[in-house]
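A short write-up of the structure that comes next.
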Amino acid sequence: MQIVFLDASTLHSGELDLSVLERHGSLTSYPVSAEAEIPERIPHADIVITNKALMTAKNIAAAPQLKLIVSCATGVNQIDLDAAAAANVVVSNVAGYSTPSVAQHVFTFILNFATQIPQFNQHSRAWPQFPIFTSLAHPSFDLVGKTLGIIGLGEIGGATAKLALAFGMNVQVLAREESKAKRMPELPRVAAEDFYSSSDFISLHCPLTPATQGCINKQTLSQMKPTAYLINTGRGPLVNEADLAEALDAGTIAGAGLDVLSSEPPSPNNSLILSDHPQLMITPHTAWSTLEARQRLLAGVAENITSFMGSFAPIKN
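By the working numbering, the letter at position 102 of the sequence shown is numbered 96, and the numbering carries on one by one without gaps.
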């Protein structure tokens, strides 16, 4: 089998051993692949691995031997599923590998907002000149008794809820008619208006759909407390970025922690990238990327290939 990994640099920078992918064939690995380069890299591929490299109908047609596309991620939006099905190409993904990592990242945002550590750290060199032993310049607060509102109670939302409960927080879930989640039924499902107005933190974990795109906008932001914080480690387009930037500048909400933006890498003119709001923290889509999460992801990709190859195993009499 000829195995082609189109964008291996999205998985590692040399610290992972990709030889596990060679159990069933010869591996050709590229750090990244521009869309124009993909057809010339896969004409003899039996298996293609991709994180963000697009497997369009055109690219699938350029690989007549192709049998399997493995998404090195949970999502498969980079793959034309209809074209794959028409070509009898199997598509697989890896679910659940980043759950503890993303939940941890959410709480990194929450704890930084509660303790104001980033702000105090910036002023640490001035400590010798303080008139007293401490500083009250950036008021901090306890998480005990605060309310975390979760939009999307899937695996990651559920893991985040458990961390919040361990910190003594109250947890509530946005009631959504389209949601089929039955996880943690003891958590209250709250209608939108009360949900937004009563949450001290709101964390987004819902899938990106036509119904959820732009769900954080001028209207929903205006319903939030001026002391509340928004956290998005889900999908960038869940948030209307111009409305969020305006809400931060106007003091409509206290701050935001974002690990995703509407386009990535973002435009240098993105209103949030340009913002100097002291309570805006942005990380470059790193919530998923702990070493352990990437090891789990690699193992999942290898397992998907092994399972697929097992379907070709001869039946023994």
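Where is the CB? At the ideal position from N, CA and C, for every residue including glycine.
Residue range 164 to 168 is occupied by the beta strand (DSSP E) that includes residue 168. Boundaries of the beta strand (DSSP E) harbouring residue 141: 141 to 145, taken from the DSSP string.
Looking at 214, 206, 146, the one whose alpha-carbon comes closest to that of residue 182 is 146. DSSP places residue 15 outside any alpha helix (DSSP H), giving it a letter other than H or E. The beta strand (DSSP E) runs of length 3 or more contained entirely in the stretch 220 to 299 are, from start to end of the chain, 223 to 226, 249 to 252, 274 to 276. Secondary structure in the stretch 36 to 78: the alpha helix (DSSP H) runs of 4 residues or longer, each lying completely within the stretch, are 51 to 55 in chain order. When DSSP reads this structure, residue -4 sits in a beta bridge with 20. In the three-state reduction of the DSSP assignment, residue 183 falls in the strand class.
Looking at 95, 143, 115, 134, the one whose alpha-carbon comes closest to that of residue 284 is 95.
In chain order, 90, 93 place their CB closer than 7 Å to the CB of residue 149, counting only its own chain and leaving out the 5 sequence neighbours on each side.
Within the stretch 107 to 163, complete alpha helix (DSSP H) segments of at least 4 residues are found at 111 to 116, 149 to 160, given in chain order. Residue environment: residue 305 is assigned as exposed (fewer than 16 neighbouring CB atoms within 10 Å of its CB, all protein chains considered). Counting along the chain, residue 197 sits inside no alpha helix (DSSP H); it lies in the beta strand (DSSP E) bounded by residues 195 to 198.
Straight across, the Cα-Cα distance linking residue 292 with residue 176 is about 30 Å.
For the 9 Å CB-CB criterion, residue 61 and residue 76 do not form a contact. Secondary structure at residue 85: strand, using DSSP grouped into helix, strand and coil.
Residue pairing by DSSP places residue 210 opposite 233 in a beta bridge.
Straight-line measurement puts the Cα of residue 14 at about 14 Å from the Cα of residue -5. By the CB criterion at 9 Å, residue 210 and residue 237 fall inside the cutoff. Between the beta-carbon of residue 162 and that of residue 137 there is about 7 Å, and that keeps the pair under the 8 Å contact cut. Here residue 94 carries a helix assignment [DSSP, helix/strand/coil].
Using a C-beta cut-off of 8 Å, the stretch 25 to 44 makes no contact with the stretch 264 to 273, since fewer than three inter-stretch Cβ pairs fall below that distance. Residue burial is scored here from C-beta neighbours: residue 213 has fewer than 16 other C-beta atoms within 10 angstroms and is therefore classed as exposed.
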